[in-house]
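To keep things clear, I will list the structure first and then write my remarks on it.
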Amino acid sequence: MTTDPLAPLLALADIAPAVERARERVDQAMRHRALRRHGGQVAAEVGLRSAVASAALEGYDHEREAVRAGTVTEPVLQGALRVAGALPGLTELWPKAPRQALARLHVLAARDVVAEAELGRPVADPVVAARLDGLAGLVAGGMTVSPLLLAAVVHGELLNLRPFAGPSGVVARAAARLVLMSRGFDPRGLVAVDVGHRERQPEYVGAAGAFATGTPDGLRSWLRHYLSAVEVGADQLTVVGDEIIAAA
12 MTTDPLAPLL ALADIAPAVE RARERVDQAM RHRALRRHGG QVAAEVGLRS AVASAALEGY
72 DHEREAVRAG TVTEPVLQGA LRVAGALPGL TELWPKAPRQ ALARLHVLAA RDVVAEAELG
132 RPVADPVVAA RLDGLAGLVA GGMTVSPLLL AAVVHGELLN LRPFAGPSGV VARAAARLVL
192 MSRGFDPRGL VAVDVGHRER QPEYVGAAGA FATGTPDGLR SWLRHYLSAV EVGADQLTVV
252 GDEIIAAA
């Protein structure tokens, strides 16, 4: 039996219990009664909030209600909205052809931001190409550990590698959501993890830098941040559900 390459991450201090806490928080949020009758509405609202948060993390902060009203035409925000809407349709492609899915995400995220010739094309760097190949192999491989760990690693690697021109962070965050969706952890994309990153933005930036060092402490810092963001995302699902029930 092949050993899961991510299994050693569970041996880092505090990570195994943090994974369990995040899973339990998500399980609890997924039992919200709004999902029984208003699941589509909840998913749409989570997608909107996730897109607004992801664009803000790229430096393009917009009021949610202005975005909801359709008055914000700024390209990075519009790209983040397109990406959020496309995720359900990419869940089957992602584990089979992750590089193709990443290219599609970049086309959606970076339209009207970078030159058309750059859309969907990784930067021409052999180091980037090799690391993308390694990441694709990890995504397509079998797993024994929680998808949360794979999502965190995919996110951290893409965030630091920045393989695409323009809003590469939008692509990284979307790829992490695709991991959770395609692996059955969050199949409908209801956990607003990007909201958690936005609420802890200084920690997000610092932990991403720590991940880039590749040290055990750096990996642990990033994983702890990511798992905390998942908990915030689960709480956001509960907030959205409560609001939709109250308005029904």
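For what it's worth, this note's numbering labels the leading residue of the sequence shown as 12, then goes sequentially. Glycine included, C-beta positions come from ideal geometry on N, C-alpha and C. Just so it is clear, the structure is predicted and the values come from calculations on it, not from any experiment.
In the three-state scheme derived from DSSP, where H, G and I count as helix and E and B as strand, His236 is classed as helix. By the C-beta density criterion, Pro137 is exposed, having fewer than 16 other C-beta atoms within 10 angstroms.
Within the segment 107-166, complete alpha helix (DSSP H) segments of at least 4 residues are found at 109-121 and 137-151, given in chain order.
With a 10 Å radius around the Cβ and a threshold of 16 neighbouring Cβ atoms, Asp144 comes out exposed. If you look at His73, you'll find it isn't in any alpha helix (DSSP H); DSSP assigns it neither H nor E. For Ala24, the three-state secondary structure derived from DSSP is coil. Distances from the CA of Leu113 to each of Ala126, Ala97, Glu127 and Ile26 were compared; the closest alpha carbon is that of Ala97. Ranking Arg209, Val251, Val118 and Gly153 by CA distance to the CA of Pro174 puts Val118 first. Taking a C-beta distance under 8 Å as the contact criterion, Pro227 and Leu23 qualify as a contact pair. Under the three-state reduction of DSSP output, Leu201 falls in the coil class, being neither helix nor strand. Every alpha helix (DSSP H) stretch that sits fully inside the segment 48-94 and reaches 4 residues is listed by chain position as 75-79. DSSP places Met41 outside both helix and strand once states are collapsed to three, so it counts as coil. Rounded to whole angstroms, the separation of the alpha carbons of Glu76 and Ala259 is 19 Å. In the three-state scheme derived from DSSP, where H, G and I count as helix and E and B as strand, Arg173 is classed as coil.
Contact between Leu170 and Gly180 holds, since their C-beta atoms are separated by about 6 Å, short of 8 Å.
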